[in-house]
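Using our numbering, the letters of the sequence shown correspond one by one to residues 1 to 289. From the three backbone atoms N, C-alpha and C, an ideal C-beta is built for every residue, glycine too. See structure below.
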Amino acid sequence: MKKILVTGATGQLGSSVIETLLKKMIESQISIITRIEEKRVQFQAKGFNAFRASYDDVVSLENAMEGVDTVLLISSGDQGDRMQEHRNVIDTAKKTGVKHIAYTSRCLNNRNTLANKLMVEHFETEDYILSTGLKYTIFRNILYMDAIPQFIGGNIALERGIFLPAADGKVSFALRSEIGEAMANVLLSEEIENKIYNFTSDKAYSFYDIATALTDLSGKTVKYTSVETNVFEGMMKQRNLPEPVILKIVDFITDIKHNQEAGIFNDLEIILGRKPSGLKNGLKTLFGL
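Structure follows, in structure tokens:
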């Protein structure tokens with residue numbers, strides 16, 4: 001009986017993965033880790049093998065991986081030493097006899113020209129997994145469509161428009177829930193082979209496209225204005241955002257401007273067995289239109 005450990009299980013991506021896994025697995029086949037004891041108790045009560053653990057606590061990781069065949073490593077946040085945390089999970093998987101590790105990487109066109117250096121760590125994690133000799137699955141996920149409201153300021157954009165230094169750069173956005181569903185479908189497959197999946201939509205969209213779609217959905221004229229980076233930074237400072245946050249946002253948008261996120265692949269459609277949700281349908285849900 002296959003047993004899977006899902007890290008980041010209480011997050012939105014992990015929750016989507018688990019929801020699909022439960023269509024063909026029972027709770028006792030799924031282990032989860034969480035930093036929060038209350039969450040652990042809730043999962044345990046539902047029949048999951050739930051552990052209070054973190055990526056920087058190797059002993060807790062060893063306990064969680066006992067008897068596990070596959071570990072899904074959902075990438076860590078950037079608050080700590082992300083690469084060391086990833087290495088801890090990967091090393092522990094190998095030490096405890098886990099047969100297969102899956103990792104949530106990012107679908108980006110060129111690791112050598114990225115403005116956002118945090119994204120480079122995804123490729124470094126991929127390299128580290130390959131060096132271990134473990135069987136692997138790499139999920140290179142595109143930027144979630146769910147992030148669009150954050151980038152454009154939420155529903156305020158319906159009133160004042162979209163102002164970003166992204167020029168006509170495009171992203172093949174996909175919904176996080178559909179990416180999670182596809183990841184689970186792969187993990188449920190009987191044959192696990194060393195493979196990299198690029199999960200994107202079947203079309204790439206610019207912020208001009210986003211403005212047009214929001215105009216159609218809301219009945220309000222939403223205009224996208226491509227501004228200079230320094231102007232955008234000034235706008236962010238007016239919102240009292242911390243400097244590190246502003247720099248992070250600018251790096252993301254710079255990579256979009258340079259079409260780092262514009263690749264189109266059919267892996268998501270194949271694994272879902274249907275076309276991914278298009279931009280308009282996705283925005284309709286995300287903005288409640």
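Could you say which of Ala262, Leu214, Glu126, Lys280 lies nearest to Glu166 if we only look at CA atoms?
As written in the sequence, residue 166 is Ala, which differs from the Glu given in the question. Of the candidates Ala262, Leu214, Glu126, Lys280, the one whose C-alpha sits nearest the C-alpha of Ala166 is Ala262.
Please work out which residues of its chain come closer than 8 Å, Cβ to Cβ, to Leu217, disregarding the five sequence neighbours upstream and downstream, and give them in chain order.
Lys280, Leu283, Lys284, Phe287, Leu289
I'd like to know if the stretch 79-87 and the stretch 10-22 are in contact, where contact means that at least 3 CB-CB pairs between them fall below 8 Å.
no
DSSP-derived helix/strand/coil call for Ala147:
helix
CB contact flag (Val58, Ala93, <8 Å):
no
Answer yes or no: do Lys135 and Asn194 have a C-beta to C-beta separation smaller than 8 Å?
yes
Is Met183 near the ligand ZN, going by C-beta to nearest heavy atom under 7 Å?
What this structure holds is no ligand at all, so the ligand ZN is not there to describe.
DSSP state of Thr7, grouped into three classes?
coil
Step through the CB atoms of chain B and report whether any lies within less than 8 Å of the CB of Ala93.
No chain B is present in this structure, which holds just one protein chain.
So Asp105 is in the alpha helix (DSSP H); what residue range does that whole segment cover?
Rather than Asp, the amino acid found at residue 105 in this sequence is Ser. It is not in any alpha helix (DSSP H) - Ser105 instead sits in the beta strand (DSSP E) that spans 100-106.
In whole angstroms, give me the CA-to-CA distance for Asp91 and Met183.
22 Å
Reference Ser189; option with closest CA among Ser172, Tyr205, Leu272:
Leu272
For Leu130, the three-state DSSP class (helix, strand or coil)
helix
Per DSSP, what kind of secondary structure is Phe287 in: helix, strand or coil?
coil
For Ile4, count the other beta carbons within 10 Å of its own beta carbon; 16 or more makes it buried, fewer makes it exposed. Which is it?
buried
Give the secondary structure of Asn266 by DSSP, where H, G and I count as helix, E and B as strand, and everything else as coil.
coil
Residues near Ile33 by beta carbon distance below 6 Å, same chain, minus five either side
Thr7, Phe51, Ala53, Ala64
Over the uninterrupted alpha helix (DSSP H) stretch that includes Phe252, give me the two end residues.
243-257
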